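What follows is a short report on a single structure.
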Amino acid sequence: ADALHDEGSTCSENRIARRMRILGLHAIQTKKYTVTTDSTHFKPVTSDWLEQDFHAAAPNQKWTGDITSVWTDEGWLYLAVVMDLYSRAIVGWSMNRRMTQQLVCDALSMALFRRGFPKGTILHADRGSQYCSQRYQQLIQSHGLYGSMGRKATCDDNAVTERFFHTLKVELIHRERYVTRRKAKISIFEYIKTYDNRERKHSAIGHRIPMVFEKTA
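All the letters of the sequence shown, read from the start, carry residue numbers 1380 to 1596 under the working numbering.
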């Protein structure tokens, strides 16, 4: 309504809403927000081995991890992912009602299994308490990975994963109302595994599909 008013048209929000209903259109609404990074802790942190270099010459050279939140009628659902920067494929993910170290460990364990337990991979994340936890760091070290962490309160240090979450919310989450966490899990699972990894073209890899890019590049 404000945009139309600026252009010289007078139209109430109620009238716009009625017209949208007639046309079968739905407004995309911004959902609730909760903080997913708690860096106010005294746990050890690692160096930033990535330094915003998000290019990888081959699969399993550089991975990134992050957490986001999804609102449902039952409360928050937390999603942790692991992305391979070579193809932008999401190679591991986990969802839970609680944002714990188990959440990020499960996502990493899935990535390790699906990628054949590679050695020497740089695994970059923020300084959240889950990623700084002893259990998560031990999991990294036991599989021969190199932990990397961005600067405090600097989301650009993990910009690629943040961009994935933004796209996920614009294309899927903000268009849905999830009555249960289970419904949200199914929806997000299908988006990641079927659409984002196997159908969606990514500009960062020449507008190609992640799984196809890995097989042909």
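Here a beta-carbon is modelled for each residue, glycine too, at the ideal position from N, C-alpha and C.
This structure is a prediction, so every number in the text was calculated from the model and none was measured.
Taking the alpha carbon of residue i as the point to measure from, which residue in the options has its own alpha carbon closest?
i, options, result
"aspartate 1452", "Asp1445, Gly1499, Asp1575 and Arg1476", "Arg1476"
"aspartate 1505", "Lys1594, Pro1423 and Arg1577", "Pro1423"
"asparagine 1439", "Arg1494, Gly1507 and Gly1526", "Arg1494"
"methionine 1590", "Ser1508, Asp1485, Met1462 and Leu1458", "Met1462"
"arginine 1560", "Gly1529, His1503, Leu1458 and Glu1550", "Leu1458"
"threonine 1425", "Tyr1515, Leu1456 and Glu1541", "Tyr1515"
"leucine 1482", "Ser1466, Leu1502, His1503 and Ser1512", "Ser1512"
"lysine 1498", "Gln1480, Met1478 and Ile1519", "Ile1519"
Rounded to whole angstroms, what is the Cα-Cα separation between residue i and residue j?
i, j, result
"phenylalanine 1496", "histidine 1522", "7 Å"
"isoleucine 1552", "alanine 1583", "22 Å"
"lysine 1344", "aspartate 1427", "There is simply no residue 1344 to check, as the chain begins at 1380 and stops at 1596 in what is shown."
"leucine 1491", "valine 1470", "8 Å"
"phenylalanine 1568", "glutamate 1430", "30 Å"
"glycine 1597", "threonine 1546", "Residue 1597 cannot be examined here, being either before or after the span of the chain that is shown, 1380 to 1596."
"glutamine 1509", "phenylalanine 1592", "31 Å"
"glutamine 1517", "leucine 1524", "10 Å"
"glutamate 1555", "valine 1460", "20 Å"
"serine 1448", "lysine 1548", "10 Å"
Would you decide whether residue i is buried or exposed? Buried here means 16 or more other CB atoms lie within 10 Å of its CB.
i, result
"aspartate 1445", "buried"
"histidine 1384", "Below a pLDDT of 50, predicted positions are generally treated as unreliable, and histidine 1384, at 42, falls in that range; no measurement from the model is reported."
"isoleucine 1565", "exposed"
"alanine 1651", "Summary: the structure shown does not reach residue 1651, with the chain confined to residues 1380 through 1596, and so no result is reported for it."
"tyrosine 1557", "buried"
"histidine 1586", "exposed"
"arginine 1577", "exposed"
Hey, could you find the ends of the beta strand (DSSP E) residue i is sitting in?
i, result
"methionine 1590", "Run containing methionine 1590: none in the beta strand (DSSP E); it sits in the alpha helix (DSSP H), 1589–1595."
"alanine 1572", "According to the sequence as given, residue 1572 is lysine; it is not alanine. Segment: none, lysine 1572 is in no beta strand (DSSP E) and carries neither H nor E."
"tyrosine 1515", "Run containing tyrosine 1515: none in the beta strand (DSSP E); it sits in the alpha helix (DSSP H), 1513–1521."
Along the chain, where does the alpha helix (DSSP H) that runs through residue i open and close?
i, result
"alanine 1486", "1480–1493"
"lysine 1548", "1538–1550"
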